[in-house]
Amino acid sequence: MRKVCSALPSYKLACFATLLLAGMAQASDTLYVESWRTDDANIWSDTIIPAFNKHHPDIKIQFSPTPPTDYNSALQAKLQAGSAGDIITCRPFDASLQLFDSGYLEKLNGLKGLEDFSDVAKSAWVTDDGREQFCLPMASVIHGFIYNKEIFEELNLTVPKTQDEFFKVLAKIKSESRYTPLDMGTADQWEAATMGFQNIGPNYWKGEAGRKGLIDGTAKLTDQAYVDTWKELAKWKPYLGRGFEAQKYSDSQNLFTLGRAAIYPAGSWDIQTFNNQADFEFGAFPPPVLKQGDTCYISDHTDIGMGINAASKHKEAAKIFLNWMASAEFGELFANAVPGFFPLSNHSVAIKDPAAQTFISWRQQCESTIRNSYQILSRGTPNLENQLWNVSAQVINGTMTPEQAATETQQGLEQWYGPQQ
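Numbering (mature numbering (1 follows the signal peptide of the UniProt record, and there is no 0)), first residue to last: -27 to -1, 1 to 394.
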């Protein structure tokens, strides 16, 4: 600064003042974070921001969430108007890819923090050709089954590891108690696909191998792996609650927290609800494998990422923040503040919540994959994700056969997706 200003003696004072102000502005960057996670406002203000500021006190963070149902449209409007924040919380796959393709998200290739994530973790925020990364993976949710430990103890049940054991446990609950063996409804449809099809299916289609096969056209939804997934779902019907066809997601949560159901097909995001509402101890187990010794597969679904607004005036500060979010410190803070949402980095983190500990331990035992309809395959019409909701619910209801479900979804994909034609 002295050398620059010495060349301008008559303006020395003004020069020093200008450079000083510029330095102060840089030293007091405020990053505004766009997010749909309104429930996390206190976590950001009380935990995440103070922890970051211990390392970078001169970079201020302002968490500015929008209600989840309004987030996509509100964010789009802000980006178009040039009023969006510096940090963008990224939905997985196409919603964020469209923002990147429209020039709203900064390319993150070369960001050091990305070195700490696997290709599966990064897959939700990368271009189709795998060349451009536009969001840093932040958190995933894991699928499995949550069970009431008190009911299992009362009925002398052992946590099932194979499908045969699973259905024997369900049969015993049904025959020897008044508890609902399997707590899920089909009224909302999405649970049938998300906690049903996408939960147990990876053990049939072998996780990433099967998912990528649908994308490149070497696998079809009429393959035996998919038919067998729906066949297993059809076997759930006798063990669901009375009137399950009219049972909504909130009804299922209530039934379980009241202690009236034994096993709940789950996403790890339910942990917080059950921690707050259930007065009994609950545990979790992964989708049972077909036979003892088989490799297990879990849906460890990429759910939240963080990107940088391409129009931000504070990109360097934003990159510092994202690199910190890739650290083990952040991963452990977030995982313990929001049980059931798990860091996607390769770091080992210590999680205190016992149910969350159980879910994340499956990463060491099983192969991870993501929901097979989310990358590329739900862009056209008919939308594969919506089709899976409908046909999976119908299979469980008994109004569609597994073979019909496979044919309908495959024909839908063939209508618009080239590699499947």
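Backbone N, C-alpha and C define an ideal beta-carbon position, used for all residues, glycine too.
Report the residue from the options whose alpha carbon sits nearest the alpha carbon of residue i.
i	options	result
residue 178	192, 167, 168, 166	192
residue 85	101, 109, 200	109
residue 28	249, 277, 294	294
residue 118	276, 72, 157	157
residue 203	373, 387, 386	373
residue 396	138, 121, 315, 3	Outside the displayed range of the chain (-27 to 394) lies residue 396, so it cannot be described from this structure.
residue 244	275, 218, 217, 309	309
residue 42	11, 57, 35, 33	11
residue 159	274, 113, 364	364
residue 205	188, 186, 176	176
residue 286	47, 48, 30, 55	55
residue 232	216, 69, 121	121
residue 15	31, 30, 35	35
residue 218	182, 174, 263, 161	161
residue 283	24, 327, 75	75
residue 327	258, 262, 393, 71	258
residue 330	348, 311, 345, 92	311
residue 78	123, 207, 48	48
residue 368	207, 221, 393	207
residue 174	24, 263, 352, 69	263
residue 394	260, 187, 200	187
residue 72	98, 185, 37, 33	98
residue 288	136, 172, 58	58
residue 216	155, 346, 278	155
In whole angstroms, give me the CA-to-CA distance for residue i and residue j.
i	j	result
residue 380	residue 195	6 Å
residue 366	residue 22	42 Å
residue 390	residue 350	8 Å
residue 281	residue 67	17 Å
residue 60	residue 50	15 Å
residue 134	residue 83	42 Å
residue 384	residue 361	13 Å
residue 81	residue 376	43 Å
residue 20	residue 324	15 Å
residue 18	residue 163	33 Å
residue 343	residue 87	19 Å
residue 45	residue 39	9 Å
residue 130	residue 292	50 Å
residue -5	residue 64	The predicted model places residue -5 with a pLDDT of 40, which falls under 50 and marks its position as unreliable; any figure quoted below should be read in that light. Straight-line Cα distance between these residues: approximately 35 Å.
residue 242	residue 112	11 Å
residue 251	residue 239	15 Å
residue 378	residue 356	14 Å
residue 90	residue 197	33 Å
residue 387	residue 189	13 Å
residue 247	residue 333	17 Å
residue -3	residue 107	For residue -3, the pLDDT reaches just 36, beneath the cut-off of 50, and the residue's location in the model is therefore unreliable, although a value from the coordinates is still provided. Residue -3 and residue 107: Cα-Cα distance of roughly 27 Å.
residue -7	residue 274	Confidence at residue -7 is low in this model, with a pLDDT of 31, below 50, so its placement is unreliable and no value can be given for it.
residue 138	residue 353	39 Å
residue 254	residue 128	15 Å
residue 115	residue 96	16 Å
residue 70	residue 30	32 Å
residue 230	residue 358	29 Å
residue 237	residue 32	43 Å
Terminal residues of the continuous beta strand (DSSP E) containing residue i?
i	result
residue 186	Segment 181 to 189 is the alpha helix (DSSP H) holding residue 186; no beta strand (DSSP E) there.
residue 314	Note, residue 314: premise wrong, no beta strand (DSSP E); not H, not E.
residue 73	Unbroken run through residue 73 is the alpha helix (DSSP H), 67 to 74; no beta strand (DSSP E).
residue 22	No beta strand (DSSP E) contains residue 22, which is instead part of the alpha helix (DSSP H) from 22 to 28.
residue 177	Careful: residue 177 lies outside any beta strand (DSSP E), inside the alpha helix (DSSP H) at 175 to 178.
residue 7	3 to 8
residue 202	It is not in any beta strand (DSSP E) - residue 202 instead sits in the alpha helix (DSSP H) that spans 197 to 207.
residue 165	Where residue 165 is concerned, there is no enclosing beta strand (DSSP E), given that its DSSP letter is neither H nor E.
residue 210	Where residue 210 is concerned, there is no enclosing beta strand (DSSP E), given that its DSSP letter is neither H nor E.
residue 158	It is not in any beta strand (DSSP E) - residue 158 carries neither H nor E in the DSSP assignment.
residue 36	33 to 38
residue 239	234 to 240
residue 60	60 to 63
Considering residue i, what are the terminal residues of the alpha helix (DSSP H) in which it resides?
i	result
residue 228	222 to 230
residue 329	327 to 338
residue 41	41 to 54
residue 385	375 to 387
Using a Cβ-Cβ distance cut-off of 7 Å, determine whether residue i contacts chain D.
i	result
residue 304	No chain D appears in this structure, which consists of one protein chain only.
Does the contact criterion of 3 or more C-beta pairs under 8 Å hold for the segment 207 to 216 versus the segment 298 to 318? no
Scan the segment 341 to 373 and note each continuous alpha helix (DSSP H) run of 4 residues or more that stays entirely inside, going in chain order. 357 to 370
Whole beta strand (DSSP E) runs in the segment 245 to 312 with 3 or more residues, listed along the chain? 255 to 258, 270 to 281
Complete beta strand (DSSP E) runs within the segment 76 to 139 (minimum length 3 residues, chain order): 109 to 121
Three or more beta-carbon pairs under 8 Å between the segment 309 to 321 and the segment 144 to 158, yes or no? no
Are there three or more Cβ pairs, one per stretch, closer than 8 Å when the segment 329 to 340 is compared with the segment 268 to 285? yes
The segment 158 to 176 in contact with the segment 217 to 234 per 3-pair CB rule at 8 Å: yes
Take every Cβ of the segment 5 to 17, pair it with every Cβ of the segment 254 to 267, and state whether three or more of those distances are shorter than 8 Å. no
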